[in-house]
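Report on the following structure.
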Amino acid sequence: MIKQIESEQEYNQHKQDHAQVHSYVTLYVKHVPISRIEPAHLLFVTGLLAHEQCLSVLNIVLNRTNDSEIIVNSKERLIFHVDKHKFERFFRPRQTLVATCFGSIPYPLASALAFKQFPDGRQELVVTGSLLSVNHDRIILKRLVLSGHSFKIHKRLSVTRYMFF
8 MIKQIESEQE YNQHKQDHAQ VHSYVTLYVK HVPISRIEPA HLLFVTGLLA
58 HEQCLSVLNI VLNRTNDSEI IVNSKERLIF HVDKHKFERF FRPRQTLVAT
108 CFGSIPYPLA SALAFKQFPD GRQELVVTGS LLSVNHDRII LKRLVLSGHS
158 FKIHKRLSVT RYMFF
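The sequence shown: position 55 = 62 (the numbering used here), numbered continuously.
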């Protein structure tokens with residue numbers, strides 16, 4: 008991957024229709040009304056490599072922020088800034104969880120920020136973390152205890168009665 012990026016950089020150095028790395032550029036944005044631009048907000052512009060526009064299953068390691076006292080429920084909608092669902096009833100302080108979502112593929116160890124949106128429109132940072140892996144084979148299970156009476160047991164196969172009522 009690194010060799011491919013280096014070869015693309017060498018190829019692009021000979022072309023004159025691109026901006027050099029670490030150089031200042033001026034962007035002209037067309038067809039956007041002036042009312043949409045707020046001076047207090049920053050505009051963030053980035054480019055994507057060829058594979059970064061693809062979607063996959065992302066596993067993210069999450070930690071609660073120290074100053075956040077907000078309770079985060081298991082089915083709470085959060086706004087992720089990386090591109091959730093391990094079943095936990097509550098996300099307790101000083102607890103580490105692995106969350107799963109479907110999003111665009113970033114580089115490994117990409118940072119993740121999750122914001123809770125309130126009814127009045129404001130957002131507050133409640134969770135930080137980093138990308139664990141991009142792996143669609145990871146199995147997400149809910150832990151629970153099943154009890155019943157064994158009816159038949161044969162080598163690796165078992166028939167259990169009275170598990171569900």
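C-beta: ideal position from N, C-alpha, C; glycine also.
**Request:** Would you tell me roughly how many angstroms separate the C-alpha atoms of PRO126 and GLY136, rounded to the nearest one?
**Result:** 25 Å
**Request:** Could you tell me whether the region 37–55 touches the region 119–134, using the rule of 3 or more Cβ pairs below 8 Å?
**Result:** no
**Request:** Within its chain, find whatever has a CB closer than 6 Å to the CB of THR103; leave out the 5 residues flanking it on each side and keep chain order.
**Result:** ASN70
**Message:** Is it buried or exposed, LEU138, if we count other Cβ atoms within 10 angstroms and call 16 or more buried?
**Reply:** buried
**LYS91, buried or exposed, once every other Cβ within 10 Å from all chains shown has been counted against 16** = The predicted model places LYS91 with a pLDDT of 37, which falls under 50 and marks its position as unreliable; any figure quoted below should be read in that light. Looking at its Cβ environment, which holds 16 or more other Cβ atoms inside 10 Å, LYS91 is buried.
**Message:** Taking 7 Å as the threshold (beta carbon to beta carbon), is VAL68 in contact with chain B?
**Reply:** The structure shown contains no chain B; it holds only a single protein chain.
**Asked** By Cβ distance, which residues of its chain are closer than 8 Å to ILE77, with the 5 residues on each side in sequence left out?
**Response** LYS123, GLU131, VAL133
**Asked** ALA119 lies in the beta strand (DSSP E); which residues open and close that run?
**Response** 118–124
**Request:** Kindly indicate which three-state DSSP category SER81 falls into: helix, strand or coil?
**Result:** coil
**Asked** To the nearest whole angstrom, what separates the beta carbons of ASN66 and THR107, a pair I think is in contact under 8 Å?
**Response** 5 Å
**Message:** Quick check: the Cα distance between GLY155 and ARG163, rounded to an integer number of angstroms?
**Reply:** 17 Å
**Asked** Once you ignore the five residues that flank LYS93 on each side, which residues in its own chain have a CB closer than 8 Å to its CB?
**Response** Low confidence applies to LYS93: its pLDDT is 37, below 50, so where it sits in the model is not reliable, and the reading given next is rough at best. Once the five neighbours on either side are set aside, the close Cβ partners of LYS93 are LEU104, VAL105, ALA106, THR107, ILE147.
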